[in-house]
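Enquirer: Handing you a structure now.
Number of protein chains: 2
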Amino acid sequence: MAGSVRPYMGRSDGLNPICRCGNKDVTAVSVLPQMKEKPVANPVERLMAATAEDMARVNALILDRAHSHVDMVPELARYLIDSGGKRLRPMLTVATAILFGRGTGNAVNFAAAVEFMHNATLLHDDVVDESDMRRGKPAARMVWGNKASILVGDFLLGQAFMMMVETGDIGALGVLSAASAVMAEGEVFQLAKTGDLATTEADYAEVIRAKTAVLFKAACEVGAMSGGADQAGREALALYGLELGNAFQLVDDALDYGGQSGTLGKNVGDDLREGKMTLPVILALADGTEAERSVIAAALGKVDASDLEVQQVVAIFNRYDTLKRTLDKAEGHAEAAIAALSELPDSEMKSILADVVRHSVGRAS
Amino acid sequence: MAGSVRPYMGRSDGLNPICRCGNKDVTAVSVLPQMKEKPVANPVERLMAATAEDMARVNALILDRAHSHVDMVPELARYLIDSGGKRLRPMLTVATAILFGRGTGNAVNFAAAVEFMHNATLLHDDVVDESDMRRGKPAARMVWGNKASILVGDFLLGQAFMMMVETGDIGALGVLSAASAVMAEGEVFQLAKTGDLATTEADYAEVIRAKTAVLFKAACEVGAMSGGADQAGREALALYGLELGNAFQLVDDALDYGGQSGTLGKNVGDDLREGKMTLPVILALADGTEAERSVIAAALGKVDASDLEVQQVVAIFNRYDTLKRTLDKAEGHAEAAIAALSELPDSEMKSILADVVRHSVGRAS
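As given, the protein sequences belong to chains A and B, one line each in that order. This note's numbering applies: residue 401 is where the first sequence begins, and numbers increase by one. This note's numbering applies: residue 401 is where the second sequence begins, and numbers increase by one.
Next up, the structure:
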């Protein structure tokens, strides 16, 4: 193993599977040689390598706690959890704990809990959004139905709280339970604003903060707490997570229309058809002519809007640069996330965390 | 105020509204004279009077925590929460705390959390069961839609955990978070068994334990813990709650077919139309002839089954006494609940708790 990489590996032997490609386990060791050859590896891969040992424990805990004597529970839960998500949020919990160099404490429990909270939200969101696909395969609700998706989501939330309670860390429990309530509140706010042409930029900022950024914030804050951070360190990582989450959602919302180039492809315009008031829409409604506003309004929330209709809307976005402006806004949050780390001592993990932010906003350009 | 009643009032001045009749607050004081005249008052009213002061704090907390800057959240939450439910579960939390005579500790927070957990479950259940009515008025999902019901349910769960975390009592948090997971598991199990003619009595016992009795158990157990119970007291109240919950659900399942007499009325047979494998059905399938089994199987899960079809099924139930046998089983659990209190010193609150059990099973006869 490369000496320069060793420090981020913590106590890892590099042999714990960190993900599966087909039937083959990818271990930290199998990732590392690649990193040696390409020093500027994908930051998410560097994050995976740097958190591999603890993430192996997180993954084992996730499998264990998705278990139930009711067969449908683990079947549905594992279908979603094993479906190739990057596990970015739990990796952040582990990484922000490792960052402080005092061991990871309760980070494994909190990381698994964060992943359960995230997956519970995905199950419920797919029912609410009537989504057919998730991570490139049929959404769980298409296989087991809406009813099971709602109830297994509830089960995962309950299991998440049990894992948190086991740590005995009331402070971290407060952070995560508040996040849980705020996330649901954000989803309701988004629902209330669906198709509402009067939605403001401030409304949108509140929606993405609540539905997305607050879980990133909590994931990093409880990671820092588990890693023995002082108050300043805890606040720095909370801000890092919040701003990373804001940037992440802004990029997602631009990508839904094909990213900066507004290129049409598969699933482009889903948000439009669902009537979601994301920033590209809000900016175009503010700047467009009456005629352009009518074109957007006609397609918003129209489940069967044609690709041509979506294309017309994206043409308006391009006229007012609203995808580029959305990504610029993401860039601003990304800078704030990186700046939040500035007072922390330099370390390889700190550089990975900063690069993960840059990578996240780079997805769409 | 009657001296013999005073002890259960705790520190109450009797002036806190304990429920509303029309526009008129019913206070503990206005209930008490009635109790003097009729010494065998309705035990639930006695429970209300005995918990009035703490329940006023619980109700204030419930209102406070249903608040959100997203208008739809408190509107929907309060529509359900204020819709005339008896608040039996939170009253049990308060009562089981008072029982130990050492103050109620964190019982107010736990009681409000238990009510939020219960209401979150109702919101999700009504979506899963596609119920139109709840507590005599349109279900929240008929007013705000399924999507809002799912998300506000999630919000209430998050708020419930925040209220628990505020107590700092990790032991009680463990009891309630485990209950939350088990309840969801029970709902999934019930869903998986829907319309399954091979469902056994043991399956049914597991469903009602998980979906109903475990929350009664947790409500009483954390009440006892808040009241300073020792291990034996805690276990006694946990068993009391569990057995009361089992009895309660068995009675509900008999009442769904009109109770012991099998009398047809409004909403009779909802469980049959939803394909729910409750004990009256399971017993009839086991004892009935092939022809009778076919009649039941044809109506089970048939959303538009006619009243005549329901009546034919109830006639089969009456032939094999399955409603009476279901209520006998409830009676057995009720006796176990009362027996669980036997080692505790006699007190007025103990007598109320025992009478509440008797009253619960008396609903259907």
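Cβ atoms here follow ideal geometry from the backbone N, Cα and C, with glycine treated the same way.
1) Under a CB-based cut-off of 8 Å, is residue 649 of chain B close to chain A?
2) In the DSSP assignment, the alpha helix (DSSP H) including residue 616 of chain B goes from what residue to what residue?
3) Looking at the secondary structure, which residues open and close the alpha helix (DSSP H) in which residue 456 of chain B lies?
4) Got a sec? Which residues, its chain only, sit under 7 Å from residue 550 of chain B by beta carbon, not counting five neighbours each side?
5) Say whether chain B places a C-beta atom closer than 8 Å to the C-beta of residue 654 of chain A.
6) So which residues of chain A does residue 573 of chain B contact, with C-beta pairs closer than 8 Å?
7) Would you call residue 667 of chain A buried or exposed, if buried means 16 or more other Cβ atoms sit within 10 Å of its Cβ?
8) Where DSSP assigns a beta bridge to residue 537 of chain A, which residues make up the other side?
9) Residue 473 of chain A versus chain B: which residues are under 7 Å apart at the beta carbon?
10) Alpha carbon to alpha carbon, what distance is there between residue 442 of chain A and residue 621 of chain A?
11) When you check each C-beta in the region 485–509 of chain B against every C-beta of chain A, which residues fall closer than 8 Å?
12) Hey, is residue 481 of chain A's beta-carbon within less than 8 Å of any beta-carbon in chain B?
13) With residue 678 of chain B and residue 653 of chain B assumed to form a contact (beta carbons below 8 Å), what rounded beta-carbon distance in angstroms separates them?
14) Look at the alpha carbon of residue 539 of chain A and the alpha carbon of residue 612 of chain A, and state the distance between them as a whole number of angstroms.
15) Taking the alpha helix (DSSP H) that residue 747 of chain B falls in, what are its first and last residues?
16) Around the C-beta of residue 707 of chain B, are 16 or more other C-beta atoms found within 10 angstroms, so that it is buried, or is it exposed?
17) Taking only beta-carbon positions, decide if residue 616 of chain B is within less than 8 Å of chain A.
18) From which residue to which residue does the alpha helix (DSSP H) around residue 686 of chain B run?
19) Can you list, in chain order, the residues of its chain whose CB lies under 6 Å from that of residue 648 of chain A, leaving out five sequence neighbours each side?
20) Among A/474, A/537, A/496, A/643, whose alpha-carbon lies nearest the alpha-carbon of residue 485 of chain A?
21) Pop quiz: residue 495 of chain B and residue 749 of chain B are said to be a contact at Cβ under 8 Å. What is the actual Cβ separation, rounded to whole angstroms?
22) State yes or no: is the C-beta of residue 489 of chain A within less than 8 Å of the C-beta of residue 624 of chain A?
23) Any heavy atom of the ligand COA inside 7 Å of the beta-carbon of residue 716 of chain A?
24) With DSSP as the reference, label residue 390 of chain B as helix, strand or coil.
25) Any chance the region 589–606 of chain B sits against the region 691–705 of chain B, with 3 or more Cβ pairs inside 8 Å?
26) Counting only the same chain and skipping the five closest in sequence on each side, list residues whose C-beta sits under 7 Å from that of residue 629 of chain A.
27) If you measure from the beta carbon of residue 438 of chain A to each beta carbon in chain B, is any gap under 8 Å?
28) Got a sec, what are the start and stop residues for the alpha helix (DSSP H) residue 590 of chain A sits in?
29) Determine the contact status of residue 555 of chain B and residue 585 of chain A, defining contact as a CB-CB distance below 8 Å.
30) Under the three-state reduction of DSSP, which class applies to residue 657 of chain B: helix, strand or coil?
31) If contacts are defined as beta-carbon pairs under 8 Å, then residue 506 of chain B and residue 480 of chain B qualify, I think. What distance do you get, rounded to the angstrom?
32) Once DSSP output is grouped into helix, strand and coil, what is the label at residue 764 of chain B?
33) Report yes if the CB atom of residue 764 of chain B is closer than 8 Å to the CB atom of residue 727 of chain B, and no otherwise.
34) At 7 Å on the CB atoms, spell out the chain B contacts of residue 470 of chain A, in chain order.
35) So, do the region 554–574 of chain A and the region 566–581 of chain B have three or more beta carbon pairs nearer to each other than 8 Å?
36) May I ask which residues mark the beginning and end of the alpha helix (DSSP H) holding residue 694 of chain B?
Expert: Short version:
1) On the second sequence, residue 649 of chain B is found 249 positions in, with the first residue counted as 1. It does not; no Cβ of chain A falls within 8 Å.
2) Position 216 of the second sequence holds residue 616 of chain B. Residue 616 of chain B -> alpha helix (DSSP H) spans 614–626.
3) The residue you call residue 456 of chain B lines up with position 56 of the second sequence. Element bounds for residue 456 of chain B: 452–465.
4) Counting from 1 along the second sequence, the entry for residue 550 of chain B is found at position 150. Contacts found: 524, 527.
5) Against the first sequence, residue 654 of chain A aligns to sequence position 254. It does not: the Cβ of residue 654 of chain A has no partner Cβ on chain B nearer than 8 Å.
6) In the second sequence, residue 573 of chain B corresponds to position 173, counting from 1. The contacting residues are 561, 565, 573.
7) Your numbering for residue 667 of chain A matches position 267 in the first sequence. With fewer than 16 other Cβ atoms within 10 Å, it is exposed.
8) Here residue 537 of chain A refers to the residue found at position 137 of the first sequence. Residue 537 of chain A pairs with A/534.
9) Residue numbering aside, residue 473 of chain A sits at position 73 when the first sequence is read from its first letter. Ordered by position in chain B, the residues that pass the 7 Å Cβ test against residue 473 of chain A are 585, 588.
10) Within the first sequence, numbered from 1, the residue matching residue 621 of chain A stands at position 221. Within the first sequence, numbered from 1, the residue matching residue 442 of chain A stands at position 42. Between residue 621 of chain A and residue 442 of chain A, the C-alpha separation is close to 24 Å.
11) none
12) Position 81 of the first sequence holds residue 481 of chain A. It does not: the Cβ of residue 481 of chain A has no partner Cβ on chain B nearer than 8 Å.
13) Reading the second sequence from its first residue, position 278 is the one you call residue 678 of chain B. Reading the second sequence from its first residue, position 253 is the one you call residue 653 of chain B. About 4 Å separates the two Cβ atoms, so the contact holds.
14) As a working note, residue 539 of chain A is residue 139 in the first sequence. As a working note, residue 612 of chain A is residue 212 in the first sequence. Looking at the two C-alpha atoms, the distance is approximately 20 Å.
15) Indexing the second sequence from 1 puts residue 747 of chain B at position 347. Run containing residue 747 of chain B: none; DSSP gives neither H nor E here.
16) Numbered from its first residue, the second sequence carries residue 707 of chain B at position 307. Flag for residue 707 of chain B reads exposed.
17) Mapped onto the second sequence, residue 616 of chain B falls at position 216. No, residue 616 of chain B does not count as interfacial toward chain A.
18) By one-based count along the second sequence, residue 686 of chain B stands at place 286. First-last of the alpha helix (DSSP H) with residue 686 of chain B: 679–687.
19) One-based indexing of the first sequence puts residue 648 of chain A at position 248. Closer than 6 Å at the Cβ level, and outside the excluded window around residue 648 of chain A, lie 760.
20) Indexing the first sequence from 1 puts residue 485 of chain A at position 85. Taking residue 485 of chain A as reference, the option from A/474, A/537, A/496, A/643 with the minimal CA-CA separation is A/537.
21) The residue labelled residue 495 of chain B in the question sits at position 95 within the second sequence. The residue labelled residue 749 of chain B in the question sits at position 349 within the second sequence. The C-beta separation of residue 495 of chain B from residue 749 of chain B comes to about 6 Å, placing the pair in contact by the 8 Å criterion.
22) Within the first sequence, the letter at position 89 stands for residue 489 of chain A. Within the first sequence, the letter at position 224 stands for residue 624 of chain A. Taking 8 Å as the Cβ cut-off, residue 489 of chain A and residue 624 of chain A do not qualify as a contacting pair.
23) As presented, the structure is devoid of all ligands, the ligand COA included, so that no description of it is given.
24) In this structure chain B extends from 401 to 765, so residue 390 of chain B is not present and cannot be described.
25) Verdict: yes, contact present.
26) What you label residue 629 of chain A is simply residue 229 of the first sequence in a count that begins at 1. Annotation for residue 629 of chain A: 500, 637 place their beta carbon closer than 7 Å to its own, counting only its chain and skipping 5 residues before and after.
27) Position 38 of the first sequence, counted from the first residue, corresponds to residue 438 of chain A. Its pLDDT being 47, under 50, residue 438 of chain A is placed unreliably in this model, and the value from its coordinates should be taken loosely. Output row for residue 438 of chain A: interface = no.
28) As a first step, residue 590 of chain A is located in the first sequence; it is residue number 190 there, counting from the start. It spans 570–592 - the alpha helix (DSSP H) in which residue 590 of chain A sits, taken as one unbroken run.
29) Here residue 555 of chain B refers to the residue found at position 155 of the second sequence. Here residue 585 of chain A refers to the residue found at position 185 of the first sequence. Going by C-beta atoms, residue 555 of chain B is nearer than 8 Å to residue 585 of chain A.
30) Here residue 657 of chain B is taken as the residue at index 257 of the second sequence, counted from 1. If DSSP states are grouped into helix, strand and coil, residue 657 of chain B belongs with coil.
31) Counting from 1 along the second sequence, the entry for residue 506 of chain B is found at position 106. Counting from 1 along the second sequence, the entry for residue 480 of chain B is found at position 80. 25 Å between Cβ atoms; not a contact.
32) Here residue 764 of chain B refers to the residue found at position 364 of the second sequence. Correct three-state label for residue 764 of chain B: coil.
33) Locating residue 764 of chain B in the second sequence gives position 364, where the first residue counts as 1. Locating residue 727 of chain B in the second sequence gives position 327, where the first residue counts as 1. In contact: residue 764 of chain B and residue 727 of chain B (Cβ atoms closer than 8 Å).
34) As a working mapping, residue 470 of chain A is identified with position 70 in the first sequence. Chain B residues near residue 470 of chain A: 585, 588, 589, 592.
35) yes
36) As a position in the second sequence, residue 694 of chain B is number 294, starting the count at 1. Note, residue 694 of chain B: alpha helix (DSSP H), 690–699.
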